[in-house]
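Structure first, commentary second.
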Amino acid sequence: MTIKTRNPKESLIVNTDQVMINDLNNYNTLFGGVLMKKLDNNATLSARRHARVKECVTASTDSIDFLHPIHQTDSVCVESFVSYTGSKSMEIFCKVIAEDMISGERRMAATAFLTFVALDENKHPIKVPDLVPETEEERFLYESGKERAETRRIRRKHSQELTEIIGLEKPWEKGVEA
C-alpha cells in the first residue's frame with residue numbers, strides 16, 4: 001500500500017485559551033507545566049491528523065523555548081503542525097502566541113519541537129506519510145529537520161547508555177542488605 005504525501009497545513013491544529021488564575025505561578029505568569037500540557041495535546045492532534053490513526057504516542061519533547069512570559073490578561077494560542085517526518089516518526093513544531101486582550105499586542109511566547117510515533121491497532125509503530133512543505137516557514141523547518149532528527153538519535157542513544165549506569169534502588173534502601 002502506497003502512503004500518500006501530505007503538506008504541513010493538513011496537520012495544522014490551532015487552539016486558543018484564556019489564562020485562568022489557577023494556571024498562574026507565584027510570578028503571576030502561566031506555569032510552564034500548564035503550557036507543556038497544551039503543547040502535548042495540540043501536537044498529538046497534529047500527529048494523528050497527519051498519520052490518520054487512532055493513536056500516536058509522544059516519543060520525545062525535544063525542546064521548549066520560553067521566549068516571553070504569558071500573563072493572566074493574555075490569551076494563549078498554540079499552533080502546531082508536522083514539520084518533518086522519518087519513516088515511522090513525526091516531528092511536530094509548535095508555536096505559542098500570547099495576545100494581551102486589552103491592548104491587542106501579540107508576541108511569540110514559546111516554540112517547541114515534539115516527536116511522535118503513529119501506532120496501529122496492535123500498538124506497533126507504522127509508516128507515516130511523507131511531508132511536502134509549501135511555505136517558506138515550512139521549508140525552513142523541513143530542511144533543518146534532518147539535523148534535529150540526528151540530534152534526537154544521539155540523545156536517545158546517550159539516554160539508553162545512561163540507564164545502564166544509573167540505579168533503580170530506592171534512596172532509603174541504599175547500603176541496606178536484603
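Using full-length UniProt numbering, the letters of the sequence shown correspond one by one to residues 1 to 178. The beta-carbon is built from N, C-alpha and C at its ideal position, and this holds for glycine as well.
Range of the contiguous alpha helix (DSSP H) that encloses residue i
| i | result |
| --- | --- |
| residue 151 | 145-165 |
| residue 46 | 32-51 |
Beta-ladder partner(s) of residue i, from DSSP
| i | result |
| --- | --- |
| residue 15 | 78 |
| residue 65 | 111 |
| residue 27 | DSSP output for residue 27 lists no bridge partner at all. |
| residue 199 | No information on residue 199 is available, as it lies outside the stretch 1 to 178 that the chain covers here. |
| residue 132 | None, per the DSSP bridge assignment. |
| residue 60 | 115 |
| residue 85 | 90 |
| residue 55 | 119 |
Residue interval of the beta strand (DSSP E) (run including residue i)
| i | result |
| --- | --- |
| residue 100 | 89-100 |
Through-space distance from residue j to residue i, alpha-carbon basis
| i | j | result |
| --- | --- | --- |
| residue 1 | residue 126 | Confidence is the limiting factor: at residue 1 the pLDDT is only 49, short of 50, which leaves the residue's position unreliable, though a coordinate-based value still follows. Cα to Cα, residue 1 sits roughly 12 Å from residue 126. |
| residue 9 | residue 30 | 28 Å |
| residue 84 | residue 142 | 5 Å |
| residue 71 | residue 164 | 42 Å |
| residue 140 | residue 92 | 14 Å |
| residue 16 | residue 99 | 10 Å |
| residue 114 | residue 62 | 6 Å |
| residue 133 | residue 101 | 33 Å |
| residue 76 | residue 34 | 11 Å |
| residue 65 | residue 86 | 23 Å |
| residue 42 | residue 32 | 15 Å |
| residue 199 | residue 90 | Shown here, the chain extends from 1 to 178; a query on residue 199 therefore has no answer. |
For residue j and residue i, believed in contact at Cβ under 8 Å, the rounded distance
| i | j | result |
| --- | --- | --- |
| residue 5 | residue 129 | 6 Å |
| residue 202 | residue 68 | Any property of residue 202 remains undetermined from this structure, which presents the chain solely from 1 to 178. |
| residue 11 | residue 81 | 5 Å |
| residue 94 | residue 73 | 22 Å between Cβ atoms; not a contact. |
| residue 13 | residue 49 | 7 Å |
| residue 152 | residue 60 | 6 Å |
Cβ contact check for the segment 107-124 and the segment 45-57: 3 or more pairs under 8 Å: Yes: at least three Cβ pairs fall under 8 Å.
Cβ pair count under 8 Å reaching 3, the segment 10-26 against the segment 135-150: These segments do not touch.
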